[in-house]
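Here is the structure we will look at, set down as structure tokens.
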Amino acid sequence: LGFFKREFGLSEENDPDEAIFSYIYRYENGQDLIFSHSPCSGASVNVKLLDGADVVFNLYQEGVSSIIFQAWATDKIIRVYFKSKSCKELRISYLPTPKLYFSEF
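Numbering (my numbering), first residue to last: 37 to 141.
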């Protein structure tokens, strides 16, 4: 429901029968941000930015413990937390422009 409140729609990759929940945010410049997650087995997320037929970024990670929405100044982000033994940080900015921040330490 949180994705719909933030003007995401369902992407073509959405497949509830396979427990893949996928959302798309469309930008006026033709870019599409697609955020997919699956709570099953590896508890995964996949985030990609498409610019027409070009893939700007595509990141897949497992071991997700939670997904939350946050706001930092003017940036609206999706923050992904990982299970306790993981030292990863993933933030996806969807407004005002799509950006990806990922680190492993």
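All C-beta atoms, glycine included, are put in the ideal place defined by N, C-alpha and C.
Run the CB neighbour count on residue i, radius 10 Å, all protein chains shown included, and call it buried at 16 or more, exposed below.
i	result
residue 100	buried
residue 77	exposed
residue 69	buried
Are the beta-carbon atoms of residue i and residue j separated by less than 8 Å?
i	j	result
residue 130	residue 112	yes
residue 98	residue 79	yes
residue 67	residue 87	yes
Using a Cβ-Cβ cut-off of 7 Å (strictly less than) and excluding sequence neighbours within five positions of residue i, which residues of its own chain qualify?
i	result
residue 128	71, 83, 113, 114 and 136
Can you tell me whether DSSP reads residue i as helix, strand or coil?
i	result
residue 121	coil
residue 38	helix
residue 64	coil
Please go through the same chain and pick out, in chain order, the residues whose beta-carbon is closer than 8 Å to the beta-carbon of residue i, but skip the five residues on each side of it.
i	result
residue 103	73, 81, 114, 115, 116 and 117
Leaving out five residues on either side along the sequence, give the residues of the same chain with a beta carbon under 6 Å from the beta carbon of residue i.
i	result
residue 45	60
From the DSSP output, which residues share a beta bridge with residue i?
i	result
residue 71	59 and 83
residue 111	108
residue 45	60
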